[in-house]
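Using our numbering, the first residue of the sequence shown is number 17, and each one after it goes up by one. Yeah, the Cβ is synthetic: ideal placement off N, Cα and C, and Gly gets one too.
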Amino acid sequence: MTTLLLYLVLGAAAGTLAGLFGIGGGLIIVPVLVLTFEAQGVAPEVLTHLAVGTSLATIVVTSISSVKAHHAKGAVRWDWFSPIAIGIVIGSALGVKTAGMLSGPILQKVIGVFAICMAIQMGLGLKPKGSRTIPGKPGLIGAGGIIGWASAIFGIGGGSLSVPFLTWCNAKMQTAVATSAAVGLPIAVVGALVNIQEGWGHELLPEWATGYVYWPAFIGIVSMSVIFAKLGAKLAHSLPADTLKRIFAVLLLFVGSRFLLS
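As structure tokens, this is what we get:
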């Protein structure tokens, strides 16, 4: 019961922060799950992979509501989504396989580098300038493959990568965010399923884990994150956005440094 309460709190925190900063929950969930699994005594050989797989599983649920909301506003470019999704399916599967070839400590360091890069991007407000048009179908498939591959390794929904890519291709920000939300769903579905397959039957996994998805954490995070994301969104409109992003950038910098030095 105590463990479930811990994950409920994590879900509330992840939802609030995701709504507050407008980023995918995976960027928050993975580092916290790693620390939580360490405290629970989960074997270091599997705890990072378990955090990534569980994060992707939670994103399946949270992204569905996000896609519905954006679709209702007509903001999703489904003609872009279709070819990107082809690449996403292939890239996400390869990303999980790539993560599976890395040891837990090495995977933590890779995630740490990514967290530090995101901290620099958010802290300095770096955004790509629109300098080209949306590529054709082969280009979108290739971009989807890269986004899916990286997102599956880091346990994120891909918004941190797909939004800058679409913005670079001169997409309006609202369209980029909405289409990115749709792209996050196949990343999460494929990533979660392949993580289950990759970790299936591993002797070091804790009870209540199916492959690299830990269900108590999944239930706690999903049940609270959707509710508290709305609270975070409301707070975002009443607090200074730039200041909040810089604060969160410092948090990411701390987390990334901790992973690199651990």
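Alpha-carbon to alpha-carbon, residue j and residue i
i	j	result
L220	Q190	44 Å
S167	V68	10 Å
L260	A28	18 Å
L21	G236	7 Å
I104	S254	36 Å
G107	S98	14 Å
G90	T195	10 Å
I127	T114	13 Å
V242	V206	21 Å
G141	E214	37 Å
V62	S119	8 Å
V280	S82	Past the edges of the chain, shown from 17 to 278, lies residue 280, and the structure says nothing about it.
W165	P256	34 Å
T74	L201	11 Å
W184	T64	32 Å
L72	A225	14 Å
L43	P232	19 Å
L156	T19	42 Å
L269	Y23	23 Å
L267	G248	17 Å
G272	L51	12 Å
Reference residue i, options the options, closest by Cα
i	options	result
V193	G248, G174, P202	G174
M138	I212, P180, L21	P180
T70	K84, V83, F53, V126	F53
L276	Q124, Q56, L142	Q124
G116	V210, A91, Y230, R274	V210
V199	P232, A159, I44, A59	A159
L66	I44, C133, V229, A88	V229
T78	P256, C133, A245	A245
P144	A131, C133, L182	L182
W96	I203, A187, R274	A187
Per DSSP, the bridge partner or partners of residue i
i	result
T226	V229
Run of the alpha helix (DSSP H) containing residue i, from where it starts to where it stops
i	result
T70	60 to 88
G141	Run containing G141: none; DSSP gives neither H nor E here.
M189	189 to 215
S119	Taken as a continuous stretch (DSSP letters only), S119 belongs to no alpha helix (DSSP H), as it is neither H nor E.
G161	153 to 170
I150	I150 -> no alpha helix (DSSP H), and no H or E assigned at all.
L51	42 to 56
G175	175 to 184
Minimum Cβ-Cβ distance from residue i to chain C less than 9 Å
i	result
H65	The displayed structure is made up of one protein chain only, and chain C is not part of it.
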